[in-house]
Structures are given as C-alpha cells and as structure tokens.
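In our numbering, the protein residues as written are 18 to 485.
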C-alpha cells in the first residue's frame with residue numbers, strides 16, 4: 018500500500034521498533050465483526066440460533082468475528098429482527114467501555130450511523146433516555162432507522178451542532194460518548210479512501226473540531242458523570258493532546274482506568290506537555306497488536322459526584338405501573354389494550370395524527386432540530402389507529418396479544434420482509450381479524466393486518482428486503 022510519506026514518518030516516530038510490524042498488518046485481511054443486541058436476546062441464546070461460524074472478540078463480551086468473505090449476516094432475517102449489529106471489532110470498544118447503567122441519561126454526540134448508540138441503548142434496557150445526535154440530517158435518518166431496528170424507544174434523535182445543545186442540556190447527562198470526527202488514520206487498511214481524505218484534511222483540521230466538541234460536551238455532563246472520548250486515528254494532536262486540552266480547561270476532570278485487554282497499549286504522554294500520569298491511563302488500539310483496526314479511547318470523570326440538575330436517577334429508573342386511563346382517543350386505547358405493557362398516560366404525546374411515548378424528564382426542545390422524540394407508537398387515521406414499525410421492533414413477543422411466529426425456514430419470512438401479502442390459512446391459531454405482530458423464531462419483525470385468512474403486509478416500505 019502506498020501511504021503518504023508524512024504519515025509514514027509520523028508513525029515511525031510514534032511506534033519506533035514496532036513500526037515494521039505495523040506496516041506488515043496492511044498485508045493481512047481486515048476483520049469483520051457482529052455485536053449481539055442484548056436488549057433482545059442473550060449471547061447464549063443467539064449462539065444457539067446463529068447459522069455462521071462465529072469467534073469471540075476477546076475484549077467484548079457480546080462481540081464476535083465472522084467470515085466476511087463467505088457469510089452475509091446482513092442478508093438474514095435475524096438482522097431485520099434487530100438481533101445484532103455489524104460493526105468493526107475495535108469500534109465496539111467505546112460503547113462497551115462507557116459504564117452505562119439502567120436509568121442513566123446518555124448522550125452520543127456524533128452518533129451516526131448508530132453502531133455505538135445501539136449498544137448504549139441496549140445497556141439502558143428501556144429506562145432513562147438516550148440522546149443520539151448527528152449534525153448531518155441525512156446521516157441522522159440512518160441513525161434513527163438503526164435505533165428503531167434495535168428496538169430502542171427511549172430516544173431523542175437530534176441533528177445539531179453540539180454547541181447548540183448546551184443551553185438545553187447543561188449538566189443534564191450522566192454519561193456522554195464522543196466518537197469524534199477524525200482524520201481516520203486507524204481505518205487506512207479497512208478503507209483505502211480514507212488515505213485521500215487524510216491528505217485533504219489532516220489532524221490539524223480535525224483537532225480544532227474535537228477540542229470544540231469535547232468542551233461543549235463537558236458542559237452537558239453532570240458533576241460525577243463520565244465521558245468517553247474516542248477516535249479512529251493515531252494522531253497525538255487528535256488524541257492525547259485533545260484530552261490534555263480538556264484537563265487544562267476543566268481541572269475537575271480526571272482520567273479513569275478502563276477494563277483492560279492484553280492487546281491494549283497505554284496512551285502516549287510523551288507527546289504532551291503535562292498530565293503525563295493521567296494520559297497514560299488512556300488506551301490505544303493498534304492493528305498489529307490486536308485483531309481490529311486502530312482506535313484511541315479515554316474515559317473521564319467530572320468531579321466527585323452529584324445529581325443531574327437535582328433530578329434523581331430513581332425518577333428515570335422507576336418501574337411503577339401506570340394505568341391506561343386518561344383523555345386518549347378510544348381507538349388508541351383499544352389498541353393499547355392488546356399490548357401487555359403499562360403506559361403512563363402523562364408520557365403519551367399526540368402531535369397531529371402521530372402518537373409518541375416520551376422518555377421521562379426530557380427538557381423542552383423548541384428551537385433545535387430533531388428527527389424523533391420518544392417511541393413512535395403509530396398514527397391516528399379516521400377513527401382507527403395504525404401501529405408503527407418502531408413499536409413492533411420495541412415489543413417482545415410476550416408483550417402482544419396477537420402473534421404470528423414463523424420459523425426462519427418458512428418462505429413467508431422473506432415474503433413478509435419484501436412487503437408481500439401472506440396466506441396464513443394453514444395457521445389454525447390465527448383467527449381473529451386485526452393487527453398481528455409478525456415474528457421470526459419469536460423475535461418481532463413488524464405488523465400485519467389479518468382479514469379473510471390473508472395478512473395484509475404493514476412492513477415499512479423503506480426497510481424492505483432488497484434482492485441482490
């Protein structure tokens with residue numbers, strides 16, 4: 018591979034005796050990864066049904082390697098059921114190492130396409146709130162789709178400059194992840210186009226953006242909260258020097274130790290002016306030391322403790338059961354009676370014909386761009402309610418009254434995913450007209466409406482199976 022000479026010189030100075038081993042990795046194939054959605058299925062259960070030869074990613078409990086030259090897990094019904102996300106193995110590390118707990122308020126600052134946000138949402142297990150932001154509106158649409166496929170409903174999907182979010186969320190979040198835009202040096206083997214991009218916009222260009230983002234994120238983190246900063250580059254200007262800048266601007270931040278792995282390398286404090294002991298706790302991932310691409314991670318804590326704006330985490334994790342009474346349209350209440358889950362009427366937000374279920378304690382968002390707030394339950398249409406694809410993916414099989422559950426071998430699974438009408442006359446337990454939740458091996462794919470022993474397909478057109 019022809020690497021830019023300036024890059025080669027920098028890497029040789031950075032790696033010293035390891036430089037030749039680093040160059041050798043370019044002659045080796047890239048690695049393909051799959052991360053299990055533990056909100057929908059346990060790792061143990063997934064391994065029982067997975068039809069591929071999988072090998073564990075040793076530093077990620079729900080991560081696995083697959084053969085990207087032979088297997089196509091993106092063309093399998095389980096992918097459409099949201100049972101896993103395809104992600105480069107090293108890129109799984111940031112969301113894994115940010116210690117998100119149920120009830121947390123979490124922000125993913127640069128979230129598209131959703132590889133890290135989907136894992137953060139799975140860790141929340143339906144509690145708290147996940148704010149996933151991306152400046153690009155088109156990329157944010159892809160982010161929304163991936164979160165909905167994963168069944169994450171307690172979301173705010175935002176599309177703003179991080180600085181514009183600060184007045185709305187000052188001191189609000191318990192955990193923040195910044196997978197910062199960067200020069201992409203760690204991805205040169207995976208994506209050769211990154212080399213040309215590096216020549217156009219190198220580390221100096223991105224370091225200014227990163228410093229701005231990390232300072233803005235610091236404002237949105239509560240005292241005692243934790244921030245994980247990551248890049249997929251080797252550049253000290255974008256890595257250790259960015260963390261050094263944060264520590265200088267906000268002395269209350271400290272760098273935390275992360276769960277280790279034998280292939281991790283310590284940060285390189287020699288490239289900075291101060292904070293050497295702190296910066297040594299950061300982590301570098303080099304492709305010649307591990308089976309993955311290049312990455313940098315730093316886990317930081319802001320101060321010693323404290324709650325977010327005086328609102329206790331318990332208010333977010335509260336599992337109190339609510340009734341379905343309230344001034345809701347009858348057609349909505351009739352549908353919700355089929356759902357074996359309690360909804361708090363105070364959190365049901367009807368905007369025009371759309372019905373949303375909102376996370377708790379979300380500040381007013383007037384004045385900022387967003388694609389979604391909460392879980393879209395469905396639409397009100399002329400005295401009837403039509404449930405959404407997002408709701409189907411958010412439900413568990415046991416949470417809905419009318420189920421059609423196909424084995425993955427049934428040809429109707431692919432027909433459903435292609436948007437075709439299904440003949441279900443052979444299913445003796447499917448009799449009542451109305452909305453059915455269509456599943457594959459017990460995992461929801463979407464809704465269909467039954468009439469005359471045929472199922473009218475309601476799978477979202479933009480998600481449909483494309484024949485290759």
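Positions of the beta carbon are idealized from the N, C-alpha and C atoms, including for glycine. Quick caveat, the model's predicted, so the values are computed rather than measured.
Residue(s) in a DSSP beta bridge with residue 196: Numbered from its first residue, the chain shown carries residue 196 at position 179. Its beta-bridge partners are 247.
Taking all protein chains shown into account, do 16 or more other C-beta atoms lie within 10 angstroms of the C-beta of residue 72, making it buried, or fewer, making it exposed? Mapped onto the chain shown, residue 72 falls at position 55. Residue 72 should be labelled exposed.
Please say whether residue 234 and residue 5 have beta carbons closer to each other than 7 Å? Given that the chain is displayed from residue 18 to residue 485, the structure contains no residue 5 and the question cannot be resolved.
Would you check if the distance between the CB atom of residue 122 and the CB atom of residue 222 is smaller than 7 Å? Locating residue 122 in the chain shown gives position 105, counting from the first residue. Locating residue 222 in the chain shown gives position 205, counting from the first residue. Against a cut-off of 7 Å, the Cβ pair of residue 222 and residue 122 comes out as no contact.
Under a Cβ-count criterion, where at least 16 other Cβ atoms within 10 Å of its own Cβ denotes burial, should residue 499 be classed as buried or exposed? Outside the shown range of the chain, which is 18 to 485, sits residue 499, and nothing can be said about it.
Measure the C-alpha to C-alpha separation of residue 275 and residue 362 and round it to an integer number of angstroms. Along the chain shown, read from residue 1 onward, the residue named residue 275 stands at position 258. Along the chain shown, read from residue 1 onward, the residue named residue 362 stands at position 345. Roughly 41 Å between the two C-alpha positions.
Alpha helix (DSSP H) segments (min. 4 residues) lying fully within the segment 131-167: Within the segment 131-167, the complete alpha helix (DSSP H) runs of at least 4 residues are 132-141 and 154-166.
Contact belief for residue 391 with residue 366 at Cβ below 8 Å, rounded distance in angstroms: Residue numbering aside, residue 391 sits at position 374 when the chain shown is read from its first letter. Residue numbering aside, residue 366 sits at position 349 when the chain shown is read from its first letter. About 7 Å separates the two Cβ atoms, so the contact holds.
What are the start and end residues of the beta strand (DSSP E) that includes residue 270? Against the chain shown, residue 270 aligns to sequence position 253. 270-273 is the extent of the beta strand (DSSP E) around residue 270.
Residue 85 - DSSP class collapsed to helix/strand/coil: Taking the chain shown and counting its residues from 1, the one referred to as residue 85 is at position 68. It is coil, neither helix nor strand.
Given a cut-off of 7 Å, decide if residue 174 and residue 388 are closer than it, judged by their beta-carbon atoms. If you number the chain shown from 1, residue 388 lands on position 371. If you number the chain shown from 1, residue 174 lands on position 157. Cβ distance < 7 Å, so residue 388 and residue 174 count as in contact.
With DSSP collapsed to three states, give me the class of residue 476. The count along the chain shown starts at 1 and reaches residue 476 at position 459. When secondary structure is reduced to three states using DSSP, residue 476 falls in the coil class, being assigned neither helix nor strand.
Residue 310 to residue 286, Cα distance in whole Å? Indexing the chain shown from 1 puts residue 310 at position 293. Indexing the chain shown from 1 puts residue 286 at position 269. If I take the Cα positions, the gap works out to 22 Å.
7 Å Cβ cutoff met for residue 194 and residue 125: Within the chain shown, numbered from 1, the residue matching residue 194 stands at position 177. Within the chain shown, numbered from 1, the residue matching residue 125 stands at position 108. Yes. Within cutoff.
Going by DSSP, what residue range makes up the alpha helix (DSSP H) through residue 431? Here residue 431 is taken as the residue at index 414 of the chain shown, counted from 1. 428-434 is the extent of the alpha helix (DSSP H) around residue 431.
Hey, would you say residue 171 sits closer than 7 Å to residue 376, going by beta carbons? Taking the chain shown and counting its residues from 1, one reaches residue 171 at position 154. Taking the chain shown and counting its residues from 1, one reaches residue 376 at position 359. A contact, by the Cβ cut-off of 7 Å.
Are the beta-carbon atoms belonging to residue 69 and residue 88 less than 7 Å from one another? As a working mapping, residue 69 is identified with position 52 in the chain shown. As a working mapping, residue 88 is identified with position 71 in the chain shown. Result yes, Cβ atoms of residue 69 and residue 88 sit closer than 7 Å.
Cα-Cα, which of 411, 208, 470 and 301 is closest to residue 316? Start at 1 with the first residue of the chain shown, and residue 316 comes out as number 299. Among 411, 208, 470 and 301, the Cα nearest to that of residue 316 is on 301.
Measure the C-alpha to C-alpha separation of residue 325 and residue 239 and round it to an integer number of angstroms. By one-based count along the chain shown, residue 325 stands at place 308. By one-based count along the chain shown, residue 239 stands at place 222. In this prediction, residue 325 scores a pLDDT of 48, lower than 50, which makes its location untrustworthy; no coordinate-derived value is stated.
In three-state DSSP terms, what is residue 402? Start at 1 with the first residue of the chain shown, and residue 402 comes out as number 385. Strand at residue 402.
Threshold first: 4 residues or longer. Then list the alpha helix (DSSP H) segments lying entirely within the segment 288-321, N to C. 293-296
Can you find the residues in the same chain that come closer than 6 Å, C-beta to C-beta, to residue 450, ignoring five residues on each side of it along the sequence? For the purposes of this step, residue 450 is taken as the residue at position 433 of the chain shown. Correct list, in chain order: 467 and 468.
Proximity below 7 Å, CB of residue 142 to CB of residue 119: Along the chain shown, one-based indexing puts residue 142 at 125. Along the chain shown, one-based indexing puts residue 119 at 102. Closer than 7 Å, so yes.
Examine the Cβ distances between the segment 292-299 and the segment 245-261 and report whether three or more of them are shorter than 8 Å. yes
Distance, residue 465 Cα to residue 355 Cα: Along the chain shown, read from residue 1 onward, the residue named residue 355 stands at position 338. Along the chain shown, read from residue 1 onward, the residue named residue 465 stands at position 448. Looking at the two C-alpha atoms, the distance is approximately 14 Å.
Top-ranked residue by Cα proximity to residue 127, from 59, 184, 83 and 198: Position 110 of the chain shown, counted from the start, is the residue given in the question as residue 127. Put simply, of 59, 184, 83 and 198 the residue whose alpha carbon is nearest the alpha carbon of residue 127 is 198.
Measuring CA to CA, which of 419, 67, 26 and 320 is closest to residue 454? Locating residue 454 in the chain shown gives position 437, where the first residue counts as 1. Per the Cα distances, 419.
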